[in-house]
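Novice:
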Amino acid sequence: MIELSSATQQLTIPERERRMTVGRELGYYLSHRGFKQVVFVTNIQDALPVLTRDELKRHAVPTDAYAGRGPGMALGLQFPDQEMVVHLPTPMFPQEESLLRDVATRTNVVFPTLRSDVTAVLQDERTFVYPFIGSAEMNEKFPNRTTPAAGRFNNKALMRQRFKDSGMTEKLVPGAEIFYQGQEPPVFIQQVIDTVREYATSSSQERFMLKLAETASGLLSPTITSEEIRELKEGRIPDSLQSKVAAMFTGNDGTMFMGDVVLEEFVPYKSDGHTGDFNTRGYLLPDGQFIPLSVGRQICDEKGQYLGMISVPSHNQALVQQIGLHPNVLVIQMEIMEKIARSMFKDGYFGPVSFDCFCGDGPDAVPANRDFNQREGGGTVPGIIAANSGAIYGEERAVMDVETKIESSRRLEGREIEALLERLSTQGVSFYATTFMRSPSNGGNSHIYTLKTVQPFNGIATNELSMAQSIVGNVAQLNASIGQSMGLNFRVAY
22 MIELSSATQQ LTIPERERRM TVGRELGYYL SHRGFKQVVF VTNIQDALPV LTRDELKRHA
82 VPTDAYAGRG PGMALGLQFP DQEMVVHLPT PMFPQEESLL RDVATRTNVV FPTLRSDVTA
142 VLQDERTFVY PFIGSAEMNE KFPNRTTPAA GRFNNKALMR QRFKDSGMTE KLVPGAEIFY
202 QGQEPPVFIQ QVIDTVREYA TSSSQERFML KLAETASGLL SPTITSEEIR ELKEGRIPDS
262 LQSKVAAMFT GNDGTMFMGD VVLEEFVPYK SDGHTGDFNT RGYLLPDGQF IPLSVGRQIC
322 DEKGQYLGMI SVPSHNQALV QQIGLHPNVL VIQMEIMEKI ARSMFKDGYF GPVSFDCFCG
382 DGPDAVPANR DFNQREGGGT VPGIIAANSG AIYGEERAVM DVETKIESSR RLEGREIEAL
442 LERLSTQGVS FYATTFMRSP SNGGNSHIYT LKTVQPFNGI ATNELSMAQS IVGNVAQLNA
502 SIGQSMGLNF RVAY
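Per my numbering, the sequence shown runs over residues 22 to 515.
Structure, rendered in structure tokens:
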């Protein structure tokens, strides 16, 4: 085992070098075990609870469409002795591949091999399978040659309990955990409602959030309104609250799926102008060393819907402050992650580590952690590009990642998509994941396509209202210049 370094020491090292350390140490680990190649698979479905998977199916969202993010994610994992193969069921579009190949060239890294069929290489016992998320399903399918299952480390209730057991309750968003222990559904639903009532009546807060502990991307996370809280304090249980809680556990076909729940106080971070919603990422190596990696500020609209993220090189203190986070507080957050990561290592985990937290902009701010995702995610590719922004753009920069939706009354064919992407490219839009262009979700009477884009950021990241308006304004310009003539509607919110 190499000597452990604290997060404080690690953050003085350029993030690009830290990322190279992750690939090198993982490569040594794999070489020692005889692995000759690595296949990257985007098993997004394993990160979602059963109900969420059913919801995606209901809207005809193909989970393998997330594979479009694989090539970009793979650029951040450079192994000295193993070939990296990315399973890509549908081919990349030229504009997308051009951006990622340019990033690889400018950063002097090897572009991964892209294959639509990896059946043979997966059968080779010398192949290590690197997943989007370590899962029980992957470990059953590829025993001893994939990353440990991350299930319990993605459970928000269990992770909150881990914080408390580590003496860091104050580093959490205030709330409560409600553990499912095999009760009949009506009994557990009542237990959730009783916990909400007990907590709310003893709190001065007027809004709360309920979350399935194992969900992702904000799905199945209803808000409890001030009106519902007022009724609870007056001794009544609102029908709307009963319906919300029951809906959390009910699939489209009426099947009940129970699970742990987290109750959180609602953090009105947009109203004070000094609090941001941050994603911090790191990597827990197989030898127990935690390597802090990226930091980004998540941008949402007034309804809390995700619009994008501003990522910066985590070693560049000026840029860290530009997104509203004091460098000393970033150190504190990474030290929190390191402490929790070491406890996870003792329980058999290694792999990606990702926490979301609310945090103020002052030097004495205390991070309030809220979400825990031990997997690759939305911050992976922007973080890689930000870490390498000096080589890509000529100087270290903040970069903005935006998820743009495109609605169409008809299914777009290959040539139409290529024409659309070409027109977007001429306007300076840079894509890093377009697979959803081939695999749209079903929005009722429309097909909904998704583009993931990234570009240098020059604005003021701490003014979220201005940021949201800017993103919406850019989309309005796309509608005027491209959408109207092609019969498409560009939008940003989910």
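Ideal Cβ placement from N, Cα and C applies to all residues, glycine included.
Given a cut-off of 8 Å on the beta-carbon distance, is the pair R136 and H108 in contact?
Specialist: Yes, Cβ-Cβ distance for R136 and H108 is below 8 Å.
Novice: Out of R363, E252, G172 and T128, which has the shortest C-alpha to C-alpha gap to F311?
Specialist: The candidate whose alpha carbon is nearest that of F311 is R363.
Novice: Tell me the DSSP secondary structure of V423 in three-state form.
Specialist: Strand at V423.
Novice: Counting only the same chain and skipping the five closest in sequence on each side, list residues whose C-beta sits under 7 Å from that of G48.
Specialist: Hits under 7 Å: F100, P101, D102 and Q103.
Novice: What does the Cβ neighbour count give for V475, buried or exposed, with the cut at 16 atoms within 10 Å?
Specialist: The residue in question, V475, is buried, as its Cβ has 16 or more Cβ neighbours within 10 Å.
Novice: Any chance you could list the alpha helix (DSSP H) runs of at least 4 consecutive residues sitting entirely within the segment 127 to 177, in chain order?
Specialist: The qualifying runs are 140 to 144, 157 to 162 and 172 to 175.
Novice: Does the pairing of the segment 115 to 127 with the segment 181 to 192 give three or more beta-carbon distances under 8 Å?
Specialist: Because the criterion of three Cβ pairs below 8 Å is not met, the segment 115 to 127 and the segment 181 to 192 do not touch.
Novice: If you compare alpha carbons, which of D382, D377, Q212 and G398 is closest to R391?
Specialist: The candidate whose alpha carbon is nearest that of R391 is D377.
Novice: Mapping DSSP to helix, strand and coil, what is F200?
Specialist: If DSSP states are grouped into helix, strand and coil, F200 belongs with coil.
Novice: Put I23 into one of helix, strand or coil per three-state DSSP.
Specialist: At I23, the pLDDT of 40 sits below 50, so the modelled position is not reliable and the matter cannot be decided from this model.
Novice: Evaluate the contact criterion for the segment 207 to 218 versus the segment 260 to 280: three or more CB pairs, one atom per stretch, below 8 Å.
Specialist: Because the criterion of three Cβ pairs below 8 Å is met, the segment 207 to 218 and the segment 260 to 280 touch.
Novice: Buried or exposed: which applies to D298, given that a residue is buried once 16 or more other Cβ atoms fall within 10 Å of its Cβ?
Specialist: Buried: at least 16 other Cβ atoms inside 10 Å.
Novice: Since P169 and G155 are thought to touch, with beta carbons under 8 Å apart, how far apart are those beta carbons, to the nearest angstrom?
Specialist: Correct: roughly 5 Å between the Cβ atoms.
Novice: With a cut-off of 8 Å on the beta carbons, I'd call V374 and G303 a contact; round off their distance for me.
Specialist: Contact holds; Cβ gap of about 5 Å.
Novice: Taking E359 as part of the alpha helix (DSSP H), name the residues at either end of that continuous run.
Specialist: Note, E359: alpha helix (DSSP H), P348 to K367.
Novice: Can you name the residues that DSSP bridges to A389?
Specialist: According to DSSP, which records beta bridges pairwise, A389 is partnered with F379.
Novice: Can you name, in chain order, every residue of its own chain whose Cβ lies under 8 Å from the Cβ of Q338, other than the five neighbours on each side?
Specialist: Cβ neighbours of Q338 beyond the five flanking positions: P348.
Novice: Which residues in the same chain as V352 place their Cβ atom closer than 7 Å to its Cβ, once the five residues preceding and following it in sequence are excluded?
Specialist: Correct list, in chain order: A28, T29 and L32.
Novice: Opposite R318 in the DSSP bridges: which residues?
Specialist: R318 pairs with F299 and I331.
Novice: Reducing DSSP to helix, strand and coil, say where H336 ends up.
Specialist: Residue state, collapsed to three classes: coil.
Novice: Among all the DSSP beta bridges, which residues are the ones paired with A454?
Specialist: A454 pairs with K473.
Novice: Specify the secondary structure class of R90 as computed by DSSP and reduced to three states.
Specialist: Note: R90 maps to helix in three-state DSSP.
Novice: Could you please give the first and the last residue of the uninterrupted beta strand (DSSP E) stretch that includes E443?
Specialist: Run containing E443: none in the beta strand (DSSP E); it sits in the alpha helix (DSSP H), G435 to T447.
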